[in-house]
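Since the structure comes first, as structure tokens, the remarks are kept for the end.
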Amino acid sequence: MLLNLTDVEFAWPKREVFLKIDAFQINEGEQVFLRGPSGSGKSTLLGLIAGVLRPKAGSIAFGEVDLAKSSPRQCDKIRARDMGVVFQLFNLLPFLDLISNVSLPCRLSPERNKRLIDAGTTAEEEAHRLLRYLGLAREAEEKTPVSNLSVGQQQRVAAARALIGAPRLIIADEPTSALDTAIRDEFLKLLRDECAAANTALLFVSHDDHLASHFERVDSLVELNKARLQVA
Amino acid sequence: MRLPTLPSLALASLWNRRISALLTILAVAVSVFLYLGVGKLKSAAETSFNQTIHGTDLIVGARTSPVSLVLFSVFHIGNPSAAITWESFQWLEEREDVDWAVPIALGDSHKGYRVIGTTGDFFDRYQFRGGQEVSFASGVAFDDLYDVVLGAKVAADLGYEIGSEITLSHGLGEVSFMEHDNRPFTVTGILASTGTPVDKSVLVSLQAIEAIHVGWQSGAPSPIARMVTADDVRKMDLTPDALAAVLVGLSERRTLLRTQNSINTYREEALVAAIPSQAISEVWELVGIAGNALLIVSAFVIVVGLVSILTSILSSLRERRREMAVLRAVGAGPGHIMGLLISEAIFLAAIGAAIGITLVYLASFIAGPIFENRFGIQITVSAPGATDAYVFLTVCGLAGILALFPAIGAMRSSLADGLSIKL
Ligand SMILES: Nc1ncnc2c1ncn2[C@@H]1O[C@H](COP(=O)(O)OP(=O)(O)OP(=O)(O)O)[C@@H](O)[C@H]1O
Ligand SMILES: [Mg+2]
Numbered sequence: 001m002l003l004n005l006t007d008v009e010f011a012w013p014k015r016e017v018f019l020k021i022d023a024f025q026i027n028e029g030e031q032v033f034l035r036g037p038s039g040s041g042k043s044t045l046l047g048l049i050a051g052v053l054r055p056k057a058g059s060i061a062f063g064e065v066d067l068a069k070s071s072p073r074q075c076d077k078i079r080a081r082d083m084g085v086v087f088q089l090f091n092l093l094p095f096l097d098l099i100s101n102v103s104l105p106c107r108l109s110p111e112r113n114k115r116l117i118d119a120g121t122t123a124e125e126e127a128h129r130l131l132r133y134l135g136l137a138r139e140a141e142e143k144t145p146v147s148n149l150s151v152g153q154q155q156r157v158a159a160a161r162a163l164i165g166a167p168r169l170i171i172a173d174e175p176t177s178a179l180d181t182a183i184r185d186e187f188l189k190l191l192r193d194e195c196a197a198a199n200t201a202l203l204f205v206s207h208d209d210h211l212a213s214h215f216e217r218v219d220s221l222v223e224l225n226k227a228r229l230q231v232a
Numbered sequence: 233m234r235l236p237t238l239p240s241l242a243l244a245s246l247w248n249r250r251i252s253a254l255l256t257i258l259a260v261a262v263s264v265f266l267y268l269g270v271g272k273l274k275s276a277a278e279t280s281f282n283q284t285i286h287g288t289d290l291i292v293g294a295r296t297s298p299v300s301l302v303l304f305s306v307f308h309i310g311n312p313s314a315a316i317t318w319e320s321f322q323w324l325e326e327r328e329d330v331d332w333a334v335p336i337a338l339g340d341s342h343k344g345y346r347v348i349g350t351t352g353d354f355f356d357r358y359q360f361r362g363g364q365e366v367s368f369a370s371g372v373a374f375d376d377l378y379d380v381v382l383g384a385k386v387a388a389d390l391g392y393e394i395g396s397e398i399t400l401s402h403g404l405g406e407v408s409f410m411e412h413d414n415r416p417f418t419v420t421g422i423l424a425s426t427g428t429p430v431d432k433s434v435l436v437s438l439q440a441i442e443a444i445h446v447g448w449q450s451g452a453p454s455p456i457a458r459m460v461t462a463d464d465v466r467k468m469d470l471t472p473d474a475l476a477a478v479l480v481g482l483s484e485r486r487t488l489l490r491t492q493n494s495i496n497t498y499r500e501e502a503l504v505a506a507i508p509s510q511a512i513s514e515v516w517e518l519v520g521i522a523g524n525a526l527l528i529v530s531a532f533v534i535v536v537g538l539v540s541i542l543t544s545i546l547s548s549l550r551e552r553r554r555e556m557a558v559l560r561a562v563g564a565g566p567g568h569i570m571g572l573l574i575s576e577a578i579f580l581a582a583i584g585a586a587i588g589i590t591l592v593y594l595a596s597f598i599a600g601p602i603f604e605n606r607f608g609i610q611i612t613v614s615a616p617g618a619t620d621a622y623v624f625l626t627v628c629g630l631a632g633i634l635a636l637f638p639a640i641g642a643m644r645s646s647l648a649d650g651l652s653i654k655l
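Read top to bottom, the protein sequences are chains H and E.
Residues in the first sequence are numbered from 1 upward in steps of one, following my numbering.
Residues in the second sequence are numbered from 233 upward in steps of one, following my numbering.
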């Protein structure tokens, strides 16, 4: 098992418990679609899983470590080494070119970089390969400024950055909600295929139920979250 | 060239905002340049001011404050309220403990330059800047009653050469009431530049000072004044009756205080003996206030430069909040976010300060000779010293401390934002 949440409780500062999840698991390489309406706490849950937010109680086991018991520094390290994140928008650093944006996680995590070296490649080469695979070979070659890319292209670069160095989990927070249908489906397919190829688990979060049909496993945050039930 | 990740990210981010970064660096550079430049000028001015006169142990005048005595006798500013008699001068000169005495008489001006009456000893005894002696750029000292020696600036400004014939006027104005046009003086010597008030003096013999005044004793020309010829004057008794001051050199410096005391308590006439270095530093305390004020003002300009760093960071923060979230997502910690902002501030400050310091040295190298020629202020071009290091470190340190505020703010919001990007 890759991720195992048990009895996790989370509250924003000075608020009552907002998320209460008794059990939530993801296996290595598993692809999960987590749906929930806006404001239901999807981003909050992802923050907990990424080790950026800290739970009030419970454990968040990621691989061998419990993020809830790790120091913030360790959480940052684990995230850099083993996770990839794709946001809804504004995923890229405007002052870096495409290749530097994609290879950024490898620069922040020596282990992640080493995985590529061990596989006989480098962060730059792998960034080029991913961008080629995602249809951005020309943009990478021409060093197109990030701000000149379309939103769909930017999301693909973000996916490449999340995927580089074969992390164990990719967290995608509504990465397709700014894309139109055709591009959305294509993006989803590329992301899922590359995750499958690298045996990377994918936690895909969206309020858009149409996407659910692409996934074998679909969970609902509203059902998972026992805090709401208590309130209601 | 693979810099460690975070510094290289900070640099890339700065490069992305290079125009505003450049302006910020400029503000810091100019403020540091101003501060160090003013400080350098001030200490150079103080040094050359203190070195206006050298080798003279005492300056003696009629009872007045040492400051005003130095002002009129050395700097030729103002007039003595009372004069010393010739008898007192002779008494001074004959004292055992006095090695030499050079009388100074003041009074008239030539086209705005002070006319000083003295003896030929002046050129041997007057020293400045650590013992440099007055030297003649051309010609020789005055010998005849109607000979005149010019300071370097007088000669240069008025275009006089050896042999030029000039008239000396009565009174201090540039254009005098009535010129002594029937009394031509001849330039016999022009002094080399000294950077002291000597450059701006017209030097004649004591007798010449008297001669200029023949027939003018009442303050306005009596009918005789226009009738006496230059040769008539030669036959008169021209022993000066009023000296402004006497420069005194002692036989032995260790008697300084005793001699000073003895002159101060002279019974025949109320005299005051001032120690030049003391009196001059008293004068500097008055004059130097302007320099201190300027230094304080330029210190505030440094504060403005630092605030401009803060402004540039604060104004970039809103748009960079997303960048922070991205950095967090790829594994940067809150400490990294803080470090990013603080190192950016220190980097801007360091580049700015370094440019400022370089400019000061460049400027003193280029403008130094100009200052020395025009104002007699000697600016030494020395290797960057403790002051520069101190200013550099202070500016960088303050920038880092100021940047703590936006940095802590950014760290807090990046912690609170979690993984979501706030638009
Ligand atoms: N920094 C914060 N401090 C306090 N409350 C917050 C903070 N961020 C989010 N919240 C609250 O947490 C709740 C869930 O927010 P979250 O962003 O997780 O929802 P979401 O499911 O991701 O919504 P969306 O689909 O709009 O992105 C909201 O009620 C929000 O007000
Ligand atoms: Mg959200």
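Ideal Cβ positions, reconstructed from N, Cα and C, are used throughout, including at glycine.
| query | result |
| --- | --- |
| Could you check if Q155/H belongs to the surroundings of ligand 2, using beta carbon to heavy atom distance under 8 Å? | no |
| Find the residues of chain H that neighbour T237/E, judging by a C-beta separation of less than 9 Å, and give them in chain order. | L104, R107 and L108 |
| I want to see whether chain H comes within less than 9 Å of R550/E, judged by CB atoms only; does it? | no |
| So, is I633/E buried or exposed, given that buried needs 16 or more other C-beta atoms within 10 angstroms? | exposed |
| Flag this pair as yes or no: are the beta carbons of F33/H and F204/H separated by less than 9 Å? | yes |
| Along the beta strand (DSSP E) that carries R346/E, what are the first and last residues, could you check? | Y345 to T350 |
| Among R192/H, A166/H, K143/H and N4/H, which has the Cα closest to the Cα of E64/H? | N4/H |
| What did DSSP end up calling W332/E once you bin it into helix, strand or coil? | strand |
| For a quick check, are the C-beta atoms of D173/H and S245/E less than 9 Å apart? | no |
| Below 8 Å on C-beta distance, what does G565/E contact in chain H? | P72, R73 and D76 |
| Considering only residues of the same chain and omitting the five flanking positions on each side of P566/E, which have a CB-CB separation below 7 Å? | M643, S646 and L647 |
| Measuring alpha carbon to alpha carbon, tell me which residue in A599/E, H342/E, E555/E and A502/E is nearest A315/E. | A502/E |
| To the nearest whole angstrom, what separates the beta carbons of V436/E and G349/E, a pair I think is in contact under 8 Å? | 6 Å |
| List, in order along the chain, the chain E residues whose C-beta lies closer than 8 Å to that of G47/H? | G650, L651 and S652 |
| Here's a check: name, in chain order, each residue in its chain whose Cβ is nearer than 8 Å to the Cβ of T122/H, leaving out the five neighbours to either side. | L116 |
| In the structure shown, what three-state DSSP assignment does V222/H receive? | helix |
| For a contact meaning CB atoms closer than 8 Å, what does R554/E contact in chain H? | F90 |
| Starting from D417/E, trace the alpha helix (DSSP H) both ways and give me its first and last residue. | Correcting the residue type first, residue 417/E is Phe in the shown sequence and not Asp. That residue, F417/E, is in no alpha helix (DSSP H); its beta strand (DSSP E) goes P416 to L423. |
| Closer than 7 Å between the C-beta and any heavy atom of ligand 2: which residues qualify, listed along the chain? | K42/H, S43/H, D173/H, E174/H and S652/E |
| Just the chain E side, please: which residues come within less than 8 Å of F24/H by C-beta, in chain order? | Neighbours of F24/H on chain E: none; closest Cβ ~17 Å, over 8 Å. |
| Report yes or no: do the region 310 to 330 of chain E and the region 293 to 301 of chain E share at least 3 C-beta pairs separated by less than 8 Å? | yes |
| Per DSSP, G293/E forms a beta bridge with which residues? | A477/E and V504/E |
| List the residues of chain H whose Cβ lies closer than 7 Å to the Cβ of R560/E, in chain order. | V52 |
| Less than 8 Å between the CB atoms is what I'm expecting for S140/H and L98/H, so what's the real figure, rounded? | For clarity, residue 140/H is Ala in the given sequence; the question names Ser instead. Indeed they touch by this definition, with Cβ atoms about 5 Å apart. |
| Can you give the Cα-Cα distance for A618/E and A595/E, rounded to whole angstroms? | 19 Å |
| Use the C-beta contact count for G405/E: other C-beta atoms within 10 angstroms, 16 or more gives buried, fewer gives exposed. | Its pLDDT being 38, under 50, G405/E is placed unreliably by the model, and the measurement read from it follows with that caveat. It counts as exposed. |
| I need the DSSP call for F355/E, collapsed to helix, strand or coil. | helix |
| Give the residues of chain H in contact with A244/E, contact being defined as C-beta atoms less than 9 Å apart. | L93, F95, L96 and S100 |
| How many whole angstroms separate the CB atoms of L45/H and L19/H, which I take to be in contact at a CB cut-off of 8 Å? | 6 Å |
| What is the DSSP secondary structure of A314/E, counted as helix, strand or coil? | coil |
| By the three-class DSSP mapping on this structure, what secondary structure does L404/E have? | In this prediction, L404/E scores a pLDDT of 42, lower than 50, which makes its location untrustworthy; the coordinate-derived value is nonetheless stated afterwards. Looking at L404/E - three-state DSSP - the assignment turns out to be coil, as it is neither helix nor strand. |
| I'd like to know if A577/E contacts chain H, where contact means its C-beta is closer than 9 Å to some C-beta of that chain. | no |
| Relative to the C-alpha of V515/E, which residue among A581/E, P472/E, Y267/E and T279/E is closest? | T279/E |
| Does the Cβ-Cβ distance between V478/E and I285/E come in under 9 Å? | no |
| Let me check one thing: in DSSP terms, what residues is A201/H bridge-paired to? | L169/H |
| Distance check for T420/E and I394/E, CA to CA, integer angstroms please. | 5 Å |
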